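In the working numbering, the protein residues as written are 1 to 479. The beta-carbon is built from N, C-alpha and C at its ideal position, and this holds for glycine as well. Here the structure is a predicted model, which means the values were calculated and not measured. This report refers to the structure that appears directly beneath it.
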Amino acid sequence: MGEIYQNLIGGTWRKADDASENRSPSDITDLIGMFARGGAKDVTEATDAAELAFPAWSRSNPQVRADLLDRIATEITRREAEIALMLAREEGKVLPEALAETRRAAHVFRFFAGETLRLKGDAVASVRPDVDVEVTREPLGIVGLITPWNFPIAIPAWKIAPALAYGNCVIFKPAEQTPGSAHLLAQIIHEAGCPAGVFNLVMGRGSVVGEAMTSDPRISGISFTGSVPVGRHLAGTCAANMKKLQMEMGGKNPMIVMDDADLQTAVSVCLNGAFYQTGQRCTASSRLIVQSGIHDAFVAEVEKQLKALKVGHALTEDMQIGPVASESQLNSNLSYVALAAEEGCEVLGGERLNRDTNGFFQAPALFLGSKNSMRSAREEIFGPCASVIRVEDFEEAVSVANDTQFGLSSGICTTNLRNAREFKRRSAAGMVMVNLPTAGVDYHVPFGGRKASSYGSREQGSYAAEFYTSVKTAYTFAG
Ligand code: ADP
């Protein structure tokens, strides 16, 4: 069976009672490895270690933390080919996407190396004589980071980097489906000289490890990215345990195509937003809201280009769309394809594809003639499926775009400045794109949404300090 990749607790690699197989969704005969499956006991031990490490780490010189993050970034870059290969193999995204994600992770660590030296406070006049008031930010404490499988290196990076930069200790629980990328990242953080107990990796089930993290009172905050049902559950348990909580969840992101859009721009923006990375992005464009005048030309061109997209094994050169990440996700996608047809859409593509290897391949799907009231246009599918909803004018487009339980990302393709300006103002989403895909963001500015998509303060950029620090107000009488 070979080596079992272990959890990292208190600076040592530790066995767990159980282990699980990690197999490639491009080829289920490709066994990537056996990974430890931790339990509640491992979370307790990791929290014990973090508690011991916290006093020194939380008061460490910011230069020490900057240097550590910088070394981690350098090592990610040095090992980028190996990390990208692991990522593509276990998650199923194609190699260029995996490499771009790995580079993103290095950039995130480098950005937060600088942020350690930029944390600011305020000196404020007091309303009392001879009193000084200072407002400072201190580390939050021990933070639990729970991540999904769709960005197995970038999402952990954008949680771990600010957590360490601002002096917190970390318990990191990656998704069950992608422990390989998480383990590589943990190796790098450990070998870069992160003090024992400051960073801990506990792999395992969400219902066991994640649950234990949300109930240990010594963990001050949870940053979670994942599904709405799990997020809703965490909101309850974290509130009951008085934990600070930050969550990023689903989306049903609208992309409006106006009659005045540049057709080629609109088609490439929509293909990228809806289908790249197999549609498995919380920022994917899953509702294409198209004005009547351009509708038929747009659909004809999308259909043509969609048929030319290459779907197959993630490690094959020139592949454009990899497999769906798991069998259960594929089955769920296929049931939505069937639902869209039952609801009256004309469905193009969406069928399961056979390839040389036994993997979870699916043709990208367009649901034509969709209505925003249909379940297939309201529920997040998280696969290569997009509804095309015809609208008459800008007002109808904006109203359909905002008529959703979600509010993560939105977009408009237009050459009219007034439409662009109006939509940026009126979109009920946390991120708005003009002539750009709804997915694809910069790493130094806030990421997050509204309504059921997000909860708590923003991630990324200097806004990350809001979650990973706690504000202190100090008064000094100098009389
Ligand atoms: P996805 O559909 O993207 O896998 P999930 O919400 O199921 O989204 O999973 C996201 C992360 O949340 C994973 O790391 C998973 O193990 C974890 N998780 C699942 N259930 C729980 C839970 N009850 N408590 C804490 N974490 C959980």
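K159 is classed as buried because its beta carbon has at least 16 other beta carbons within 10 Å across all chains shown.
Distance check between S215 and each of A196, A192, K243 and A163 places K243 closest, using alpha-carbon atoms only. Residue environment: G226 is assigned as buried (16 or more neighbouring CB atoms within 10 Å of its CB, all protein chains considered).
The criterion of a C-beta distance shorter than 9 angstroms is satisfied by E115 and P162.
Put simply, of G180, V127 and P96 the residue whose alpha carbon is nearest the alpha carbon of N7 is G180.
T283 is the residue among T283, V400, R458 and V441 whose C-alpha sits nearest the C-alpha of G383. Our two residues, L145 and F199, have alpha carbons roughly 11 angstroms apart in a direct line. Straight across, the Cα-Cα distance linking C413 with D70 is about 38 angstroms.
Per the Cβ contact rule, the region 101-110 is not in contact with the region 126-136 (fewer than 3 Cβ pairs under 8 angstroms). Straight-line spacing of the CA atoms in H295 and M213 works out to 49 angstroms.
Excluding the 5 residues flanking it on each side, E80 has same chain C-beta neighbours closer than 6 angstroms at T102, in chain order. For S373, the number of other beta carbons within 10 angstroms of its own is below 16, and it is reported as exposed. Secondary-structure assignment with DSSP links W13 through a beta bridge to L8. Cβ-Cβ distances below 8 angstroms link T265 to C413 and N435 in the same chain, with the five nearest sequence neighbours on each side left out; the list follows chain order.
A straight-line Cα-Cα distance of about 26 angstroms links N61 and P446. Cβ contact annotation for F361 (same chain, cutoff 6 angstroms, sequence separation greater than five): V311, P323, L353 and R355, in chain order. Only buried fits N333, as 16 or more other CB atoms lie within 10 angstroms of its CB. Per DSSP, reduced to three states, the secondary structure at Y443 is coil, with no helix or strand assignment. Here E380 carries a coil assignment [DSSP, helix/strand/coil].
If you ignore the 5 residues before and after S470, its C-beta comes within less than 6 angstroms of the C-beta of E138 and L140, all in its own chain and listed in chain order.
The alpha-carbon separation between A66 and C169 amounts to approximately 15 angstroms. At a Cβ-Cβ threshold of 9 angstroms, V391 and V290 count as neighbours. The residue from Y455, E466, G38 and F477 with its alpha-carbon nearest to that of E248 is Y455. Of the candidates L271, I83, E395 and G10, the residue whose Cα lies closest to the Cα of A49 is G10. Of the heavy atoms belonging to the ligand ADP, at least one sits nearer than 8 angstroms to the Cβ of T225. Between D260 and the set A297, E303, A340 and T316, the nearest pair of CA atoms involves A297. For K451, the three-state secondary structure derived from DSSP is helix.
In this structure, E45 is the residue among I72, M319 and E45 with its C-alpha nearest to the C-alpha of R218.
A distance criterion of 8 angstroms places the beta-carbon of H183 beyond contact range of the ligand ADP, judged by its closest non-hydrogen atom.
Proximity to K252 across L95, V299, C385 and Y276 peaks at C385, based on C-alpha coordinates. When A308, E327, I4 and Q329 are compared, the shortest CA-CA separation from M319 is found for A308.
In this structure, C270 sits away from P96, with a CB-CB distance that is not shorter than 9 angstroms. No Cβ-Cβ contact shorter than 9 angstroms links A175 with A314. Of all alpha-carbon atoms in Q460, K93, E75 and S326, the one lying nearest the alpha-carbon of L184 is that of E75. In the three-state scheme derived from DSSP, where H, G and I count as helix and E and B as strand, G210 is classed as helix. Relative to the ligand ADP, I381 has its C-beta separated by 8 angstroms or more from all heavy atoms.
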